[in-house]
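Have a look at the structure below, then the notes.
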Amino acid sequence: MTAIHPVYPLIDPMPKAHADAPIGIFDSGIGGLSVAQEIARHLPKERIVYYADTAHVPYGPRKDQEIRELTAHAIEWLYRKGCKVAVVACNTASAFSLDYLRDYYGENFPIIGLVPALKPAVLQTKSKTVAVLATPATFRGQLIKDVIQRFAIPANVQVIPVTCLDLVPFVESGAQMSEACLATLKAILQPVVDQGADYLVLGCTHYPFLKSAIQSIFGQKLTLIDSGLAVARQTARILIKNQLLFEQEQNNGLRIECYVSGNNAEHLKTVLQYLIQEDLTWDIRNIGVE
Ligand code: DGL
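Going by my numbering, the sequence shown opens with residue 372, and the numbers climb by one from there.
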């Protein structure tokens with residue numbers, strides 16, 4: 372793997388994280404908020420800092436090394452913000468960066484990543500055919516190849532890969548129920564329904580925000596699975612293992628602090644009103660590309 376030179380040198384010696392520091396969550400855009408919501412609900416006492424690289428979204432069409440560099444930069448931002456762990460809430464970024472980041476930060480800054488939730492789909496499919504909807508970059512990565520090898524092949528389950536570069540921009544612009552988005556979903560998913568897929572793995576963290584749109588077209592024909600809750604549980608396990616769980620009661624409810632590298636915070640405020648569930652509060656700030 373080509374070396375990535377961080378913008379700043381590591382803080383030396385690396386300080387040990389504290390339980391009262393926030394959990395850092397990153398995605399190329401607002402998709403990772405589908406994961407952040409699950410983490411907030413699962414770990415309601417924790418403070419959550421969310422970083423969206425909206426200056427560079429989408430990552431899906433980018434080259435492997437570029438994705439790795441953008442991800443390293445974003446995780447560096449969370450680290451310098453004083454986060455105690457980082458969740459790479461992006462399948463595309465995880466596909467190329469987890470080994471590098473874990474090597475680079477070592478034990479004092481745990482990195483939690485994502486891989487499409489193929490295992491539960493393989494365990495539950497009746498038709499022995501599941502579709503995975505993810506970015507082309509995610510399918511180029513080793514993580515998805517490993518889960519197919521480990522779970523689908525031994526169970527004799529056929530995995531149909533589906534990619535589409537238009538979906539992330541639909542979610543980022545708040546157009547997930549638009550005619551154009553519904554027509555795109557129908558065009559890419561009808562063939563997998565026709566091939567007998569009964570489960571659809573949402574292998575990109577933007578796609579849980581398309582659940583209503585997909586269900587409005589396919590109803591019960593496709594059962595949708597995402598990674599959100601599994602990642603929230605994994606985050607809890609990592610915090611416990613590293614003695615970083617925050618135990619004190621918080622009275623200000625579930626809240627996510629969002630920072631975006633693009634200058635579209637105002638627009639995203641409108642989009643997020645429809646995506647973030649009502650029991651969560653959030654604020655969002657432009658920070659520019661630092
Ligand atoms: N949310 C990201 C993922 O999980 C992807 C999007 C993108 O920037 O293309 O893969």
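Positions of the beta carbon are idealized from the N, C-alpha and C atoms, including for glycine. Here the structure is a predicted model, which is why all the values come from computation and not from measurement.
Same chain, Cβ closer than 7 Å to residue i, neighbours up to 5 away in sequence not counted
| i | result |
| --- | --- |
| G545 | T641, V642 and Y645 |
| A526 | V493 |
| Q605 | I483 |
| L449 | G395, F397, V420, Y422 and A457 |
Of the listed residues the options, nearest to residue i (C-alpha basis)
| i | options | result |
| --- | --- | --- |
| T555 | V539, V420 and R451 | V539 |
| C535 | L514, T500, N479 and C575 | C575 |
| V530 | A411, D424, Y570 and R451 | Y570 |
| Q515 | D537, L469, C454 and Y450 | It is Ile, not Gln, that sits at residue 515 in the sequence shown. Among D537, L469, C454 and Y450, the Cα nearest to that of I515 is on L469. |
| L613 | H638, F480 and D517 | Per the sequence shown, residue 613 should be read as Asn rather than Leu. Checking every option, the nearest Cα to that of N613 belongs to F480. |
| I438 | I655, A508 and Q648 | A508 |
| Y630 | E409, P386, K452 and A388 | K452 |
| E628 | P386, Q408, K387 and S399 | Q408 |
Neighbourhood of residue i by C-beta distance below 6 Å, restricted to the same chain and skipping five residues each side
| i | result |
| --- | --- |
| H577 | G402, V539 and V542 |
| R626 | T652 |
| N635 | T425 |
Identified DSSP bridge partners for residue i
| i | result |
| --- | --- |
| R451 | Its beta-bridge partners do not exist; DSSP assigns none. |
| E620 | Bridge partners of E620: none, in fact. |
| L504 | V533 and L573 |
| E440 | None, per the DSSP bridge assignment. |
CA-to-CA distance, residue j to residue i, given in whole angstroms
| i | j | result |
| --- | --- | --- |
| D435 | F467 | 7 Å |
| M372 | N623 | Below a pLDDT of 50, predicted positions are generally treated as unreliable, and M372, at 39, falls in that range; the measurement from the model is reported next regardless. Going by the C-alpha atoms only, they are around 44 Å apart. |
| I446 | L610 | 17 Å |
| L489 | N462 | 13 Å |
| S632 | K497 | 43 Å |
| V458 | K557 | 32 Å |
| T442 | T594 | 31 Å |
| L504 | L485 | 14 Å |
| A411 | K499 | 34 Å |
| C552 | A523 | 30 Å |
Beta-carbon proximity list for residue i, same chain, < 8 Å, skipping 5 on both sides
| i | result |
| --- | --- |
| L560 | A502, L504, V533, L571, I585, I588, F589 and L593 |
| A603 | V406, E409, I410, R412, H413 and L414 |
| task | Check whether the region 561–575 touches the region 648–661, taking contact to mean three or more Cβ pairs, one atom from each stretch, closer than 8 Å. | result | no
| task | Please confirm if the region 412–421 is in contact with the region 612–622, defined as three or more CB-CB distances below 8 Å between the two stretches. | result | yes
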